[in-house]
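Student:
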Amino acid sequence: MLDFEVIFHTEIDRSVSVFNRDGFVIIRDALTPDQLALAQSGTRREMANQMAEIPVERANRGYARYSFNQQRIHLPEWYQLIDLP
3 MLDFEVIFHT
13 EIDRSVSVFN
23 RDGFVIIRDA
33 LTPDQLALAQ
43 SGTRREMANQ
53 MAEIPVERAN
63 RGYARYSFNQ
73 QRIHLPEWYQ
83 LIDLP
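Here our numbering is used: position 62 in the sequence shown is 64, and no number is missing along the way.
1) Using the DSSP secondary-structure output, state which residues sit across from V8 in a beta bridge.
2) Between the alpha carbons of D15 and D85, how many angstroms are there, rounded?
3) Three-state secondary structure (DSSP) at T45?
4) Quick check: E79 and L40, are their CB atoms within less than 8 Å of each other?
5) Within 10 angstroms of its Cβ, does I9 collect 16 or more other Cβ (buried), or is it exposed?
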């Protein structure tokens with residue numbers, strides 16, 4: 003199991019430090035429950051679409067190699083993530 007540090011949304015300096023170290027940050031409470039539910043439903047939908055188009059056995063290097071690219075940015079599940087207050 004991977005061990006990731008989870009940062010509270012109020013810890014901005016710590017978030018910057020972790021981002022500079024790891025290239026990403028896991029932030030607790032960054033989304034409201036409604037925003038999280040919207041993102042999760044969009045992710046499930048897009049994963050199902052991709053897997054229907056390219057089954058796992060034909061995917062590049064197998065499971066978990068699908069990606070969400072910039073072509074999703076027009077969808078509400080993604081554009082809600084661009085500028086959170």
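Heads up, the beta-carbon is just placed ideally off N, CA and C, and yes, glycines get one too.
This one's a predicted model, so the numbers in the text were calculated from it and none came from an experiment.
Tutor: Looking at the atomic coordinates:
1) The count along the sequence shown starts at 1 and reaches residue 8 at position 6. Partner(s): I28.
2) What you label residue 15 is simply residue 13 of the sequence shown in a count that begins at 1. What you label residue 85 is simply residue 83 of the sequence shown in a count that begins at 1. Taking C-alpha positions only, D15 is separated from D85 by approximately 18 Å.
3) Numbered from its first residue, the sequence shown carries residue 45 at position 43. Here T45 sits in helix by DSSP.
4) The count along the sequence shown starts at 1 and reaches residue 79 at position 77. The count along the sequence shown starts at 1 and reaches residue 40 at position 38. Yes.
5) Residue mapping note: residue 9 aligns to position 7 of the sequence shown, counting from 1. Per the 10 Å Cβ criterion, buried.
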